[in-house]
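See below for the structure under consideration.
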Amino acid sequence: MKLGYSLCPNDTFIFYALIHGKVPAPEPVEEVLEDVETLNRWAFEGRLELTKISYAAYGHLREGYVALRAGGALGRGVGPLVVARGPRPLEGARIAHPGRYTTAFLLLSLLLGEGAFEPVELRYDRIMPAVAAGEVDAGLIIHESRFTYPEHGLEKLLDLGEWWEGETGLPLPLGAILARRDLGAARIREVNEAVRASLAYAYAHPDEPMGYVRRYADELSDAVTRAHIRTYVNDFSLDVGAEGEAAVRELFARAEARGLVPPNPNPLFCC
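Numbered continuously in this note's numbering, the sequence shown closes out at residue 288.
What follows is the structure, encoded as structure tokens:
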């Protein structure tokens with residue numbers, strides 16, 4: 018069974034034990050590490066049985082996939098940022114973004130409105146250099162860029178997490194782990210428990226996964242790597258919970274009302 022997830026420290030920390038056979042699983046799991054927008058696009062093809070996904074992409078994929086309760090990224094103080102070389106209006110600006118199916122892009126579209134800015138799609142790790150070089154007016158940044166943008170001489174113009182929390186009072190849903198519905202309910206439940214056990218193992222042995230984490234985050238300092246894990250791995254990663262479910266429903270309701278994702282009656286979470 019193949020599981021796709023990003024090279025980011027939160028994902029490699031969560032899945033270390035599962036990939037390395039430290040916890041029981043219904044069958045061996047093979048890692049497929051890719052940029053999250055690549056995984057989003059692959060999910061439209063149903064390429065992987067299990068995959069990390071942006072919640073924005075999941076809004077389009079509810080027919081073929083269901084979200085696990087464990088392994089996702091939700092929280093407070095985790096929002097994507099809009100950065101620039103200095104203060105400037107965003108209306109009409111050329112804004113680099115990490116992908117049309119990322120939750121970051123959906124949030125910016127909900128706030129500013131489609132057509133209010135000129136989107137320029139770049140891989141997430143190319144955005145800050147492009148802003149710093151003046152190739153675009155501003156950048157929508159995610160992942161570890163939240164901690165490193167000042168090193169590029171950039172200033173924060175907007176925190177989309179702060180906007181979301183102020184609007185809704187709910188945590189921000191960023192990403193989920195999806196299972197193809199054709200795996201069947203029983204198998205999906207087993208996978209969900211294996212993912213939860215993998216994170217529990219990492220919490221119990223926090224230094225053990227770090228070699229694996231650093232293998233894919235070798236350009237990040239140890240301090241940034243650990244800050245990334247502390248920020249994006251939390252109680253919602255063990256179980257989305259009632260508050261997390263409410264946040265996902267609110268995100269989809271707002272996106273559906275604006276015609277940004279289609280409605281779908283299927284259950285959002287597996288078990």
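Backbone N, C-alpha and C define an ideal beta-carbon position, used for all residues, glycine too.
For clarity, every value in this text was computed on a predicted model and none was experimentally measured.
Opposing strand residues paired with residue i [DSSP bridges]
i, result
"G21", "V49 and T68"
"A194", "The residue asked about is misnamed: residue 194 is Ile in this sequence, not Ala. Answer by DSSP bridge pairing, in chain order: K69."
"I302", "Here the chain covers residues 18 to 288 and nothing more, so residue 302 does not appear."
"L175", "V99"
"L189", "G92"
"A113", "V137 and G156"
Residue-level contact to chain C via CB, residue i, 7 angstroms cutoff
i, result
"A259", "No chain C appears in the structure shown, which is made up of a single protein chain."
Whole-angstrom C-beta distance between residue j and residue i, which should lie under 8 angstroms
i, j, result
"C288", "I205", "7 angstroms"
"L191", "A90", "4 angstroms"
"V278", "H77", "6 angstroms"
"Y33", "A149", "Between A149 and Y33 the Cβ distance is about 33 angstroms, and since that is not below 8 angstroms, they are no contact."
"V208", "P45", "That belief does not hold up - the Cβ atoms of V208 and P45 are roughly 12 angstroms apart, past 8 angstroms."
"T119", "A73", "6 angstroms"
"F286", "V257", "6 angstroms"
Proximity of residue i and residue j at Cβ, strictly below 7 angstroms
i, j, result
"A121", "P97", "yes"
"P188", "G92", "yes"
"A113", "V137", "yes"
"I194", "N27", "no"
"G21", "V49", "yes"
"L255", "R197", "no"
"L174", "A101", "yes"
"T185", "E267", "yes"
"S71", "V53", "yes"
"V230", "T29", "yes"
"I144", "G156", "yes"
"E80", "M18", "no"
"G261", "F253", "yes"
"S238", "V40", "no"
"L85", "R271", "no"
"L24", "Y233", "yes"
For residue i, three-class secondary structure by DSSP
i, result
"Y218", "helix"
"A42", "coil"
"F134", "coil"
"P104", "coil"
"G92", "strand"
"R79", "coil"
"P284", "coil"
"L85", "coil"
"G278", "A small correction: the amino acid at residue 278 is Val; Gly does not occupy that position in the sequence shown. Of the three classes helix, strand and coil, the one that applies to V278 here is coil, per DSSP."
"E14", "This structure cannot settle anything about residue 14, because the visible part of the chain is limited to 18 through 288."
"E168", "helix"
"L237", "coil"
"A63", "The sequence shown places Gly at residue 63, rather than the Ala named in the question. G63 falls in the coil class under three-state DSSP."
"E37", "This sequence places His at residue 37; Glu is not what is there. DSSP places H37 in coil when its eight states are reduced to three."
"N251", "coil"
"T119", "coil"
"A74", "helix"
"D199", "helix"
"P223", "coil"
"V257", "coil"
"G228", "helix"
"A149", "helix"
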